[in-house]
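Protein chains: 2
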Amino acid sequence: MDQLQALRNIVGASQVLTGADAQPYAVDWRERYRGQARAVVRPGSTEEVAAIVHLCAKASIPIVPQGGNTGLCGGATPDDSRRAVILSLQRMNRIRGTDTDNDTMEVEAGCILQSVQQAARDAGRLFPLSLAAEGSCTIGGNLATNAGGTQVLRYGNMRELTLGLEVATAQGEIWYGLRALRKDNSGYDLRDLFIGSEGTLGVITAATLKLYPLPPARCTALLALDSIENVIVMLGRSRAGFGAALTGFELMSGYCLQQVARCFPQQHLPFDGASAKLPWYVLLELSDSESEAHARTRFESVVGAAIEAGCVKDAVIAESLAQSQALWHLRESIPLAEKESGKSIKHDISVPVSRLVEFVEGTNTALQNAFPGIRNVIFGHLGDGNLHYNVACGAGWTKNALLSHQDEVSTLVHDCVHAVGGSISAEHGIGQLKRDVLPRYKSAVEMALMRKIKQALDPQGIMNPGKVLKADEH
Amino acid sequence: MDQLQALRNIVGASQVLTGADAQPYAVDWRERYRGQARAVVRPGSTEEVAAIVHLCAKASIPIVPQGGNTGLCGGATPDDSRRAVILSLQRMNRIRGTDTDNDTMEVEAGCILQSVQQAARDAGRLFPLSLAAEGSCTIGGNLATNAGGTQVLRYGNMRELTLGLEVATAQGEIWYGLRALRKDNSGYDLRDLFIGSEGTLGVITAATLKLYPLPPARCTALLALDSIENVIVMLGRSRAGFGAALTGFELMSGYCLQQVARCFPQQHLPFDGASAKLPWYVLLELSDSESEAHARTRFESVVGAAIEAGCVKDAVIAESLAQSQALWHLRESIPLAEKESGKSIKHDISVPVSRLVEFVEGTNTALQNAFPGIRNVIFGHLGDGNLHYNVACGAGWTKNALLSHQDEVSTLVHDCVHAVGGSISAEHGIGQLKRDVLPRYKSAVEMALMRKIKQALDPQGIMNPGKVLKADEH
């Protein structure tokens with residue numbers, strides 16, 4: 001029996017796609033990576049996933065797990081050898097159960113993040129993970145890359161939001177690890193090993209997620225600041241003044257907001273005069289467990305003191321939900337404005353907050369020295385030390401000139417990140433994109449530990465080969 | 475050169491203890507486990523730790539890492555073969571640095587937990603891990619067992635409080651993984667694999683810990699309730715009403731408080747009449763980011779509504795810090811009263827909060843059926859589903875009769891825990907104590923995954939052999 005027929009026997013003929021039907025799955029959504037797959041297989045249950053992996057293990061067929069295909073590092077795209085099977089989890093999209101007494105929810109890997117958020121809200125709870133692709137990314141992909149987003153400051157990454165996992169191992173066995181416990185110290189932490197491993201150690205088929213109380217009120221403010229030093233001071237004041245109520249602290253450079261205003265004239269910056277021309281803006285979000293009015297009072301107290309101290313130059317506190325949304329919309333429009341403004345070189349980096357000034361100033365200077373006229377596009381989740389430190393064409397630059405220096409620019413930025421103890425991938429993962437530069441920034445000891453684990457759990461090297469680690473490295 | 479001399483050459487002669495000097499290290503503090511060690515070695519630096527491990531790896535000498543020796547499962551005690559070297563981290567007790575802008579602190583493994591808490595307070599920050607042994611346990615032990623305690627509800631276990639690690643691998647290499655980043659998705663999560671592995675995969679020598687703002691106010695209340703069902707309802711009300719300000723939700727059975735009152739007459743339960751005779755009491759703690767007065771107002775609102783709804787029968791809200799401390803002292807005195815009252819069989823278990831009623835009622839009944847007259851001693855961190863579900867002599871029982879049934883009692887309790895999806899070790903780890911029962915409650919797939927990881931990282935089996943996994947299992 002040929003292997004395609006064997007796969008059809010597991011999932012049904014209609015769930016094995018080949019040829020033109022398979023091709024859309026073999027290209028990442030930004031069309032940076034174009035692979036070829038032997039077939040796309042779409043299982044409907046954990047048992048089917050395990051049977052597929054078991055079959056592939058016996059036949060040494062590489063498996064590329066895929067969720068919503070919204071990754072930014074090519075982690076879900078096969079190579080072009082046409083050897084791999086793409087294992088699409090999209091049909092496994094059941095919310096298996098919501099437990100409001102325990103504040104947990106059991107979901108399958110193919111659930112769209114937005115559906116999970118909505119199901120939590122329907123149960124009167126919050127599932128806090130929130131990111132740009134939430135309308136199409138899946139929980140499985142969020143787990144594979146330990147997704148971050150805008151609420152990490154308060155609630156943590158996907159890892160901190162997950163209590164248990166169900167996994168098909170690289171041998172096609174099923175680990176039923178769907179615990180719903182906040183304390184469980186009974187052996188090695190397999191859960192967190194699979195989370196963030198980008199499908200290279202096994203296939204996550206379901207997870208038990210943490211839920212939180214829905215905050216009765218949210219309130220947003222936009223601050224205008226004259227230096228990055230003051231941004232850091234304001235982060236300290238916000239943490240001290242708001243405690244756990246601080247759920248967002250997003251940094252935007254003045255240039256980013258000017259681009260948004262230029263590309264989307266219907267959006268406007270709620271500042272005039274000098275305040276509209278400052279170099280930095282911060283979007284602050286407070287989730288209050290009492291009321292809107294209480295949130296505003298706290299904002300007025302903490303932000304007011306910061307203005308008096310000269311740390312913040314100007315501030316707008318949203319008067320209504322609509323105004324809060326308008327302020328968030330400014331932040332969310334930055335990547336779109338960036339796209340409209342032409343090609344940029346993107347970096348998803350994190351640094352210790354205490355070294356952020358040194359990093360931004362040092363890297364800006366080093367870039368100008370090496371590539372005079374180049375332009376910084378800086379925004380991100382500053383509360384977590386996570387910046388999207390992007391680089392775009394400035395005066396005298398063309399798209400082609402910029403692209404011809406892409407590797408040099410990224411190496412310069414990543415070297416600066418590394419020099420201050422930062423990470424070259426804060427929330428997007430490694431995938432194919434950063435696989436070959438990873439050993440430049442991780443010690444030989446760490447790389448060797450990773451390879452030992454890969455070898456131990458996937459000795460045949462069939463699980464998403466060539467992602468995170470080189471295919472021949474295990 | 476003999477191996478003891480080689481060890482002396484690494485750490486200096488005075489830091490290698492043998493014979494009677496070594497013996498105190500080879501016995502756990504409760505004197506449940508008595509081992510014998512070839513020597514105790516007390517390195518003063520990470521490089522010395524690595525050199526010791528390297529030497530032991532070459533000579534196949536087992537290593538038992540040890541911190542404050544306060545563990546409850548025999549995880550830091552060698553067997554009696556006199557083959558192992560005890561690697562005491564106590565001299566590595568430097569706080570290497572505190573970064574208030576980044577809210578992190580770098581500490582060595584031998585730091586006493588209380589010193590770390592104090593250093594954080596001195597810097598105007600909170601390090602939230604808090605547990606009974608905090609005056610003598612070390613950060614290294616807290617990491618090895620992923621320690622829990624009373625603040626997990628809000629701040630998480632040791633794992634959630636740790637950003638980076640420095641580890642000597644089982645080959646005696648050093649992994650410098652002391653990252654101070656809240657977002658870092660660049661490869662496998664080695665950090666969380668070493669945390670909770672009880673010294674069986676390598677030796678943790680230092681860690682980067684998360685700090686939090688010091689809450690301006692803390693306020694405590696003691697509630698009296700008439701059923702375990704209402705305890706669960708009150709937990710839901712507290713989560714919804716207090717959000718992230720809820721930092722403690724400790725359950726105590728009426729029997730526990732009566733024992734405290736009996737053993738320590740100077741302590742008194744702040745209830746009279748019927749309220750003093752209810753079956754359950756809950757200690758609630760609120761950490762408020764505004765003021766004491768604000769905390770009290772919130773307590774009055776949420777607890778008042780619960781009394782009106784009949785969910786809570788009586789409540790005392792502490793009027794002062796002294797009264798808050800007195801209420802906490804009641805909770806902290808339970809283990810002492812338990813000890814005063816005679817032998818008990820202890821269980822450190824967790825269950826999903828939604829199945830807690832079923833667990834408590836079912837297990838109480840099953841115990842009475844199997845061992846009529848036996849007495850339950852139930853208290854714990856209910857907000858995390860973590861109970862210390864202990865069993866003591868009741869009417870007609872003697873200490874010896876109880877002890878003769880120890881294994882049967884524990885098996886009954888653990889089987890009940892397992893039946894509701896719980897864990898047989900919530901916060902104490904596995905060590906030697908629960909090693910042999912672990913395979914009863916974990917699937918063959920999970921045990922095999924653990925053994926593969928052990929084999930990959932410690933192929934010689936020299937790291938704390940016989941803890942978590944059987945020594946011959948890897």
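These protein sequence lines map, in sequence, to chains E and R.
Residues in the first sequence are numbered consecutively from 1, following my numbering.
Residues in the second sequence are numbered consecutively from 475, following my numbering.
Here a beta-carbon is modelled for each residue, glycine too, at the ideal position from N, C-alpha and C.
Buried versus exposed call for residue i [16 or more other C-beta atoms within 10 Å across all chains shown]
| i | result |
| --- | --- |
| THR169 of chain E | buried |
| THR411 of chain E | exposed |
| HIS474 of chain E | Unreliable positioning characterises HIS474 of chain E in this predicted model, as indicated by a pLDDT of 43, which lies under 50. The coordinate reading is nonetheless provided below. Buried: at least 16 other Cβ atoms inside 10 Å. |
| PRO352 of chain E | buried |
| GLU647 of chain R | buried |
| SER488 of chain R | exposed |
| GLU521 of chain R | exposed |
| VAL16 of chain E | buried |
| GLY630 of chain R | buried |
| HIS329 of chain E | exposed |
| GLU764 of chain R | buried |
| HIS742 of chain R | exposed |
| ASP553 of chain R | buried |
Contact check, residue i vs residue j, beta carbons under 8 Å
| i | j | result |
| --- | --- | --- |
| THR679 of chain R | GLU640 of chain R | yes |
| GLN591 of chain R | GLU608 of chain R | yes |
| SER275 of chain E | ASP314 of chain E | yes |
| CYS693 of chain R | ALA792 of chain R | yes |
| TYR686 of chain R | LEU605 of chain R | no |
| ARG440 of chain E | LYS470 of chain E | no |
| ALA37 of chain E | ALA50 of chain E | no |
| VAL514 of chain R | ARG508 of chain R | no |
| ARG475 of chain E | ALA295 of chain E | What is shown of chain E runs 1 to 474, which leaves residue 475 of chain E out entirely. |
| ALA819 of chain R | VAL834 of chain R | Residue 819 of chain R is actually Ile in this sequence, not Ala. Cβ atoms of ILE819 of chain R and VAL834 of chain R: not closer than 8 Å. |
| VAL883 of chain R | CYS785 of chain R | no |
| GLY587 of chain R | LEU603 of chain R | The question names Gly, but residue 587 of chain R is Leu in the sequence shown. Contact flag set, yes. |
| VAL64 of chain E | ASN376 of chain E | no |
8 Å contact criterion, which residue i and residue j should meet: CB distance rounded
| i | j | result |
| --- | --- | --- |
| GLN90 of chain E | ALA76 of chain E | Going by Cβ atoms, the distance from GLN90 of chain E to ALA76 of chain E rounds to 11 Å, so no, they are not a contact pair. |
| ILE430 of chain E | GLU285 of chain E | With 8 Å as the limit, ILE430 of chain E and GLU285 of chain E do not qualify as a contact, their Cβ atoms being about 29 Å apart. |
| ALA866 of chain R | SER815 of chain R | 7 Å |
| ALA811 of chain R | GLN733 of chain R | 4 Å |
| TYR176 of chain E | LEU223 of chain E | Their Cβ separation, rounded to whole angstroms, is 48 Å, which puts TYR176 of chain E and LEU223 of chain E out of contact at 8 Å. |
| GLY202 of chain E | LEU457 of chain E | 7 Å |
| ALA618 of chain R | GLY638 of chain R | That pair is no contact at about 16 Å. |
| ILE823 of chain R | TYR863 of chain R | 6 Å |
Beta carbon proximity, residue i to chain A, threshold 8 Å
| i | result |
| --- | --- |
| ASN142 of chain E | Structure shown: chain A not included; protein chains present are E and R. |
Cross-chain neighbours of residue i in chain R, by beta carbon under 9 Å
| i | result |
| --- | --- |
| GLN455 of chain E | ALA930 |
| ALA471 of chain E | Those within 9 Å of ALA471 of chain E in chain R number zero; the least Cβ separation is about 16 Å. |
| GLU250 of chain E | Ordered by position in chain R, no residue passes the 9 Å Cβ test against GLU250 of chain E, which lies about 14 Å from the chain. |
| PHE242 of chain E | PRO687 and SER763 |
| LEU113 of chain E | Neighbours of LEU113 of chain E on chain R: none; closest Cβ ~16 Å, over 9 Å. |
Chain E contact residues for residue i, given Cβ-Cβ distances below 8 Å
| i | result |
| --- | --- |
| TRP649 of chain R | SER443, VAL445, GLU446 and LEU449 |
| HIS902 of chain R | ASN185 |
| VAL942 of chain R | GLY187 and TYR188 |
| ALA593 of chain R | Ordered by position in chain E, no residue passes the 8 Å Cβ test against ALA593 of chain R, which lies about 17 Å from the chain. |
Under 8 Å from the C-beta of residue i: neighbouring residues of chain R
| i | result |
| --- | --- |
| ILE195 of chain E | ASP663 |
| GLU160 of chain E | GLY630 and GLU634 |
| ASP99 of chain E | PRO826 and SER828 |
Amino acids of chain E, ordered along the chain, whose beta-carbon sits closer than 7 Å to that of residue i
| i | result |
| --- | --- |
| ASN704 of chain R | Per Cβ cutoff of 7 Å: no residues; ASN704 of chain R is ~13 Å from chain E at best. |
| ASN464 of chain R | For residue 464 of chain R there is no data in the structure shown, the boundaries of chain R being 475 and 948. |
| GLY710 of chain R | ASP101 |
| GLY895 of chain R | ARG179 and ALA180 |
Within chain R, partners of residue i - CB distance below 7 Å
| i | result |
| --- | --- |
| ILE424 of chain E | SER660 |
| LYS452 of chain E | ALA930 and LEU931 |
Per-residue contacts from residue i into chain E (C-beta, under 9 Å)
| i | result |
| --- | --- |
| ARG713 of chain R | ASP103, TYR212 and PRO213 |
Against chain E, which members of the region 846-864 of chain R pass a CB distance test of less than 7 Å? The region 846-864 of chain R vs chain E, Cβ under 7 Å: ASP858, GLY859 and ASN860.
Contact residues within the region 289-313 of chain E, judged by C-beta distance below 7 Å to chain R: SER289
Quick one, which residues of the region 800-830 of chain R are near chain E if we go by CB-CB under 7 Å, in chain order? Going along the region 800-830 of chain R in chain order, one finds SER824, PRO826, VAL827 and SER828 with a Cβ nearer than 7 Å to chain E.
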